[in-house]
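Residues in the sequence shown are numbered from 1 upward in steps of one, following UniProt numbering.
Even glycine gets a Cβ: it sits at the ideal position worked out from N, Cα and C.
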Amino acid sequence: MGTQAGSLLKTFTGLFTRSQNRESHPAKRKPGRLPVYIITGFLGSGKTTCINQILNSTSGERFGVIVNDFGSISIDKELINGTGDQVIALENGCICCSLRNNLSEAVTTLGDSPYGPDILVIEASGVADPAGIISLLENEDLKKRVRIAGVICLMDAEEISSVSWIMSHLVKKQIRSADLLLLNKVDRVSESKKAAIRKEWIPLDMPILETVYAAIPVSLILGISHTGTSDLPSDGEHADHHHHEDHDHGFSTLSWTHNSPIRLSCLQALMKNLPSTVIRAKGIAYSSEFPMQQIIIQVVGKRVSITKGQPWIRENPSTELTFIGVGKTIQIGEITTRLESCLVKPA
């Protein structure tokens with residue numbers, strides 16, 4: 001293990017030991033592959049502001065954040081719980097480190113450690129194509145330890161039109177690599193300017209979240225368990241066939257449940273072709289193909305993860321899904337109709 005990766009792991013372990021009400025053993029993270037989010041975007045797009053919010057998050061998850069440069073990260077001294085070689089640990093269980101080399105080694109170390117973070121966030125350089133990081137994380141060795149949970153790209157709505165022709169190719173690569181786009185600084189541009197940006201820069205199927213000061217609902221987008229269970233219905237809970245929609249803070253939430261088994265291939269196709277207004281979906285499925293096991297569903301923007309979970313415990317399993325979208329509607333009728341078409345009809 002390299003010196004820097006060793007320092008990172010040591011600081012994590014020490015931090016969590018101190019945070020566990022003075023217990024003698026640090027808290028272990030939940031089993032499974034470590035979920036990794038990649039934050040990309042051109043210089044000045046708001047990546048640092050976004051990362052500051054993650055580091056100061058109170059979502060309950062322990063974030064590990066790998067940044068390019070400490071100098072631009074703003075952390076209140078009162079929140080700092082410990083420091084190491086290029087590592088800052090916070091009281092809320094998050095940790096921030098600066099790594100210019102050996103990213104693979106650091107990710108391997110954290111992915112192997114039972115005392116590592118619940119979620120890892122990696123900041124891509126503002127002048128780099130994130131495809132390099134994506135390729136690194138998807139190699140056979142690291143795929144055993146981590147999974148890419150989402151690639152999030154920030155775009156500066158005010159300055160995007162001033163990007164040079166040469167750099168515009170890079171920006172478009174960053175956008176195309178993303179699962180979710182944060183159109184930042186929208187308070188500084190007109191509606192017509194936003195429409196022009198969408199037409200010139202953004203693919204039609206790209207889920208978009210408009211932000212000011214890169215303010216994102218951290219718990220909504222990142223605050224999930226990589227086992228797919230912490231924010232999902234408990235297996236001890238039972239839900240009848242119903243759906244409902246909530247509206248809060250500019251987001252719409254559709255909850256859908258059904259006791260009949262659902263065809264997994266059909267559900268997978270649906271999840272890969274959700275309306276672009278849907279930025280998150282999550283839940284458990286009772287599938288006809290694997291009726292004895294929970295099927296864990298996680299969607300961030302265009303990225304879809306469908307994996308086998310634990311065996312069902314309750315006597316009457318059911319599919320329980322939540323969809324979160326931007327605005328006042330997420331096309332309830334279309335989604336529910338497509339879900340119902342995936343159900344296995346009684347013989």
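Cβ distance (whole Å) where residue i is taken to contact residue j below 8 Å
i	j	result
Gln53	Ala215	7 Å
Gly150	Val278	In fact, because the Cβ distance is near 14 Å, the residues do not count as touching under 8 Å.
Gly283	Leu339	Going by Cβ atoms, the distance from Gly283 to Leu339 rounds to 11 Å, so no, they are not a contact pair.
Phe323	Ile335	6 Å
Gly44	Glu159	6 Å
Any C-beta of chain D under 9 Å from that of residue i
i	result
Val299	Absent here is chain D; the protein component of the structure consists of one chain.
Between the CA atoms of residue j and residue i - distance to the nearest angstrom
i	j	result
Ala195	Ile148	30 Å
Trp201	Leu181	11 Å
Ser287	Ile262	5 Å
Leu103	Asp141	13 Å
Lys144	Thr257	32 Å
Ser168	Phe290	46 Å
Met271	Val304	7 Å
Thr49	Ser341	43 Å
Ser190	Ser161	13 Å
Val67	Ile122	6 Å
Val65	Arg280	21 Å
Pro203	Leu209	14 Å
His238	Leu136	With a pLDDT of only 41 at His238, under the threshold of 50, the placement of this residue in the model should not be trusted; the figure read from the coordinates follows. If I take the Cα positions, the gap works out to 41 Å.
Thr337	Ser164	45 Å
Leu264	Leu254	20 Å
Ser318	Tyr213	40 Å
Asp231	Pro207	Summary for Asp231: the model assigns pLDDT 41, below 50, so the residue's position carries little reliability; its value from the coordinates is reported in the next sentence. Using only the alpha carbons, I get a separation of about 22 Å.
Leu55	Cys266	38 Å
Val107	Ile166	32 Å
Lys185	Val36	25 Å
Arg22	Ala128	Note that Arg22 scores 39 on pLDDT, short of 50, meaning its location in the model is unreliable; the coordinates nonetheless yield the value given after this. So the two alpha carbons sit approximately 43 Å from each other.
Arg198	Ile51	24 Å
Asp205	Ile221	18 Å
Lys193	Val171	18 Å
Contacts around residue i, its chain only, beta-carbon distance under 6 Å, and the 5 residues preceding and following it disregarded
i	result
Gln331	Pro275
residue 348	In the structure as shown, the chain starts at 1 and stops at 347, and residue 348 therefore has no counterpart that could be examined.
Ser24	Residue placement at Ser24 cannot be trusted, given a pLDDT of 45 that sits under 50; what the coordinates show is reported in the next sentence. Excluding positions up to five away in sequence, the list is empty.
Leu183	Met155, Ala157, Ile208 and Glu210
Gln268	Ile306
Delimiting residues of the beta strand (DSSP E) encompassing residue i
i	result
Leu180	Leu180 to Asn184
Ile51	Ile51 -> not in any beta strand (DSSP E); alpha helix (DSSP H) instead, spanning Lys47 to Leu55.
Ala196	Careful: Ala196 lies outside any beta strand (DSSP E), inside the alpha helix (DSSP H) at Glu191 to Trp201.
Asp156	Val146 to Asp156
Leu120	Ile119 to Glu123
Lys143	No beta strand (DSSP E) contains Lys143, which is instead part of the alpha helix (DSSP H) from Glu140 to Lys143.
Leu209	Ile208 to Glu210
Glu61	No beta strand (DSSP E) holds Glu61; DSSP gives it neither H nor E.
Arg33	Where Arg33 is concerned, there is no enclosing beta strand (DSSP E), given that its DSSP letter is neither H nor E.
Glu320	Thr319 to Val326
Continuous alpha helix (DSSP H) stretch holding residue i: start and end
i	result
Arg176	Trp165 to Ser177
Ser265	Leu264 to Met271
Leu137	Ala131 to Leu137
Ile335	Ile332 to Ser341
Ala106	Leu103 to Asp112
Ser219	Val218 to Ile221
Same chain, Cβ closer than 7 Å to residue i, five either side skipped, listed in chain order
i	result
Gly41	Lys47, Gly126, Cys153, Leu154, Met155 and Gln174
Ala124	Ile38, Ile39, Thr40, Pro130 and Ile133
Leu34	Leu110, Gly111, Gly116, Leu120, Arg145, Val146 and His226
Leu343	His258, Ser260 and Ile262
Lys345	none
Lys77	For Lys77, the predicted model reports a pLDDT of 44, less than 50, meaning its position is unreliable; a value from the coordinates is still stated below. Excluding residues within five positions, none has a Cβ falling inside 7 Å.
Own chain, CB closer than 8 Å to residue i, minus 5 neighbours either side, in chain order
i	result
Glu138	Ile148
Asn273	none
Contact the stretch 175-187 vs the stretch 285-296: 3+ CB pairs below 8 Å | In this structure the stretch 175-187 does not touch the stretch 285-296; the number of beta carbon pairs closer than 8 Å is below three.
Check whether the stretch 306-315 touches the stretch 325-345, counting contact only when three or more Cβ pairs, one atom from each stretch, lie closer than 8 Å.
-> Touching, no, given that fewer than three Cβ pairs across the two stretches are closer than 8 Å.
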